[in-house]
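J.: Taking our numbering, the leading residue of the sequence shown gets 48, the next gets one more, and so forth.
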Amino acid sequence: PDKRISPRGIAVATRAYESAAFVLPVAASLEAAIRGFGVPGNFRVVPNPVDVGCFRPAAVEPVPPPLRLVTTGRLEFVKRIDLVIAAAAQLARDGLATHLTVIGDGALRDELERQASAELGEGNYEFAGWCDSDAIAARLQESHVFVSASQIENLPVAVIEALACGLPVVATRVGGVPELLQDRPHARLAERDDIVALTAAVAGIAARLPSREERVRDAAVAADRYSLDAVGRSEEHTSELQSH
48 PDKRISPRGI AVATRAYESA AFVLPVAASL EAAIRGFGVP GNFRVVPNPV
98 DVGCFRPAAV EPVPPPLRLV TTGRLEFVKR IDLVIAAAAQ LARDGLATHL
148 TVIGDGALRD ELERQASAEL GEGNYEFAGW CDSDAIAARL QESHVFVSAS
198 QIENLPVAVI EALACGLPVV ATRVGGVPEL LQDRPHARLA ERDDIVALTA
248 AVAGIAARLP SREERVRDAA VAADRYSLDA VGRSEEHTSE LQSH
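#1: Whose C-alpha, out of ALA269, VAL131, GLY223, is nearest the C-alpha of ARG115?
#2: My assumption, with CB atoms under 8 Å, is that LEU122 sits in contact with VAL249. Please give the rounded CB distance.
#3: According to DSSP, HIS233 sits in a beta bridge with which residue or residues?
#4: Evaluate PRO96 with the Cβ neighbour count: other Cβ atoms within 10 Å of its Cβ, from every protein chain shown; 16 or more gives buried, anything less gives exposed.
#5: Secondary structure at ARG259, three-state DSSP: helix, strand or coil?
#6: In its own chain, which residues sit with a C-beta less than 8 Å from the C-beta of GLU65, not counting the 5 before and 5 after it?
#7: Going by the DSSP bridge assignment, what does VAL249 pair with across the sheet?
#8: With respect to the beta strand (DSSP E) encompassing GLY176, which residues constitute its N-terminal and C-terminal limits?
#9: Can you tell which of VAL217, ALA182, SER274, PHE69 has the C-alpha that lies nearest to the C-alpha of HIS233?
#10: Taking GLY176 as the reference, give the member of LEU228, VAL278, ARG156 with the closest Cα.
#11: Just list the residues that DSSP pairs ALA16 with in beta bridges.
#12: CA-CA distance, VAL110 and GLY56?
#13: Taking the alpha carbon of CYS101 as the reference point, which residue from GLY153, SER180, GLY170 has its own alpha carbon closest?
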């Protein structure tokens, strides 16, 4: 998105892509971005898959209030975890009891923990650090809403994992995220770097959280599109790729 690709880099990509049998971007938006640099290729969109044996809906109804928000990612500025914290704090000031779980680690962890302590108060947040897939899935399953405020994405696996667990998702309108969330009844998009829009989107989801039955249905849609088997069997690309 920042267009920081040198003419030499574009020339190298052009040679590499022209010699490849296929070029496999993970999202239509990424293909369009590549083509926007004038780089040719035999493109086939193959989305990121997730393990739906691990990432699946909880076996019980979502836990009762407070509203449990969760976000996953590197603790770097581009992920804008600071906006997720600020949104959670605003919801709390508006009278909606809120708890935030942050999964991931990075250079900004100390700064973000100080922000959470000041704005949310002790006991209303958790910084879980790096977690394995099972631990991430467990925290997703016990949460109410997944929130991503990232400035730049392609087709984020973290969002797909949340969808596979049946979570409602609020995310910024970047990269392939709109492709992931189109036609999803329990999803909202917000413009990047817009704390007001992000907070309003979370509040809109919180006003009517899905039941476990609805979460199971939403998860099934995600599994049909993004499970390892579904991506591997996709008729849009498999037959032609196998011929090579």
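For glycine and all other residues, C-beta sits at the position ideal for the given N, C-alpha and C. Bear in mind that the values here come from a model prediction, so they are computed numbers and not experimental data.
T.: Reading it off the structure:
#1: Numbered from its first residue, the sequence shown carries residue 115 at position 68. Among ALA269, VAL131, GLY223, the Cα nearest to that of ARG115 belongs to VAL131.
#2: Your numbering for residue 122 matches position 75 in the sequence shown. Your numbering for residue 249 matches position 202 in the sequence shown. The pair is not a contact, with the Cβ atoms about 20 Å apart (cut-off 8 Å).
#3: Position 186 of the sequence shown, counted from the start, is the residue given in the question as residue 233. HIS233 is not bridged to any residue.
#4: Here residue 96 refers to the residue found at position 49 when the sequence shown is read from its first residue. Under this definition PRO96 is a buried residue.
#5: Taking the first residue of the sequence shown as 1, we reach residue 259 at position 212. It is helical.
#6: For the purposes of this step, residue 65 is identified with residue 18 of the sequence shown, where counting begins at 1. So the list reads PRO87, GLY88, once near-sequence residues are dropped.
#7: Within the sequence shown, residue 249 is the residue found at index 202, counting from 1. Paired residues: none, contrary to the question.
#8: Taking the first residue of the sequence shown as position 1, residue 176 is located at position 129. Its beta strand (DSSP E) spans residues 172-176.
#9: Here residue 233 refers to the residue found at position 186 of the sequence shown. Per the Cα distances, VAL217.
#10: Counting from one through the sequence shown, the residue named residue 176 turns up at place 129. Here the closest residue by C-alpha is ARG156.
#11: With the chain represented from 48 up to 291, any question about residue 16 goes unanswered, as that position is not in the structure.
#12: As a working note, residue 110 is residue 63 in the sequence shown. As a working note, residue 56 is residue 9 in the sequence shown. VAL110 and GLY56: Cα-Cα distance of roughly 50 Å.
#13: To locate residue 101, count along the sequence shown from 1; it is residue 54. When each option's Cα is compared against that of CYS101, the closest is SER180.
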